[in-house]
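Participant: Chains as they are written, first to last, in my numbering: chain A, 808 to 924; chain B, 282 to 392.
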Amino acid sequence: GAVVSQHPSRVICKSGTSVKIECRSLDFQATTMFWYRQFPKQSLMLMATSNEGSKATYEQGVEKDKFLINHASLTLSTLTVTSAHPEDSSFYICSAKVGGSSYNEQFFGPGTRLTVL
Amino acid sequence: GDSVTQMEGPVTLSEEAFLTINCTYTATGYPSLFWYVQYPGEGLQLLLKATKADDKGSNKGFEATYRKETTSFHLEKGSVQVSDSAVYFCALTHTGNQFYFGTGTSLTVIP
């Protein structure tokens, strides 16, 4: 149980275009989902926390208008990279927390590799 | 604030060698501690966890014991395999919302 999927797993786009990444909890309801960014050979950097039905909370230094997060249902959160540029190329990982419990584990998706040309 | 310090890599071992990856933490109270593994091109997979002092997490031959007195959660495996080659992350959380990750330790096991 507790499987999180991401789609797409890999995307290549041209500079200036927008890219949407989906994160789904497949077998549980996730009231809270998280988006991380990982640079090569580095650790995960938390970008934002999204709660179902409310606005995402962004970490300091993360541009809200660049990285749009929507958490419209208990099983789906989306990250849209708007007007992407080469410096946005990275590995994006989402995670989800089981809702309605004190269980404090996050379940991670497989990641999305974004390459902006 | 809370933080995790992890042994610098990369680590290269021969198959069947003993593995230790050191992890120490700074935190108030009693956080939960985790080890995650990341295979090339993939996301993080939970390897093991411990939620209170003296707990031992174990999975797939890996073990780590929550040591409050030394604020450590070192990862060990008695005999590594080539398939264990990956990046290992130590992490802590209090509530499951804010996770603090170490910088990761790359392990390569050679036949």
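Even glycine gets a Cβ: it sits at the ideal position worked out from N, Cα and C.
1. For B:G290 and A:G823, I'd like the C-alpha separation in whole angstroms.
2. Residues in the same chain with beta-carbon distance under 6 angstroms from B:D336, minus the five sequence neighbours each way, listed in chain order, please.
3. Excluding the 5 residues flanking B:E357 on each side, which residues of the same chain have their C-beta closer than 6 angstroms to its C-beta?
4. Using alpha carbons as the reference points, say which of B:A367, B:S339 and B:D283 lies closest to B:T309.
5. Please compile the residues from chain B whose C-beta is within a distance smaller than 7 angstroms of the C-beta of A:G916.
6. Closer than 9 angstroms, Cβ to any Cβ of chain A: which residues of the stretch 329 to 341 of chain B, in chain order?
7. Within 10 Å of its beta-carbon, does A:L851 have 16 or more other beta-carbons around it, so buried, or fewer, so exposed?
8. List, in chain order, every chain B residue whose beta-carbon is nearer than 8 angstroms to that of A:I900.
9. Do we get a CB-CB distance below 8 angstroms when we pair B:T307 with the residues of chain A?
Facilitator: On the basis of the coordinates in this document:
1. Here residue 290 of chain B refers to the residue found at position 9 when the second sequence is read from its first residue. Here residue 823 of chain A refers to the residue found at position 16 when the first sequence is read from its first residue. Answer to the nearest angstrom: the Cα atoms are 37 angstroms apart.
2. In the second sequence, residue 336 of chain B corresponds to position 55, counting from 1. In its chain, beyond the 5 residues on either side, Y347 have a beta carbon closer than 6 angstroms to the beta carbon of B:D336.
3. Within the second sequence, residue 357 of chain B is the residue found at index 76, counting from 1. Residues T301 and E344 of the same chain have their beta carbon placed closer than 6 angstroms to that of B:E357, with the five preceding and five following residues left out of the count.
4. Taking the first residue of the second sequence as position 1, residue 309 of chain B is located at position 28. It is B:D283 whose Cα lies nearest to the Cα of B:T309.
5. The residue given as residue 916 of chain A occupies position 109 in the first sequence. Result: G324.
6. From the stretch 329 to 341 of chain B, only K330 and T332 have a Cβ closer than 9 angstroms to chain A.
7. As a working mapping, residue 851 of chain A is identified with position 44 in the first sequence. Taking all protein chains in view, the Cβ of A:L851 is crowded by 16 or more other Cβ atoms within 10 Å, so the residue is classified as buried.
8. Looking up residue 900 of chain A in the first sequence gives position 93. Within chain B, the residues whose beta carbon sits less than 8 angstroms from that of A:I900 are G324 and L325, listed in sequence order.
9. By one-based count along the second sequence, residue 307 of chain B stands at place 26. Against chain A, the CB of B:T307 has no partner CB under 8 angstroms away; the residue lies outside that interface.
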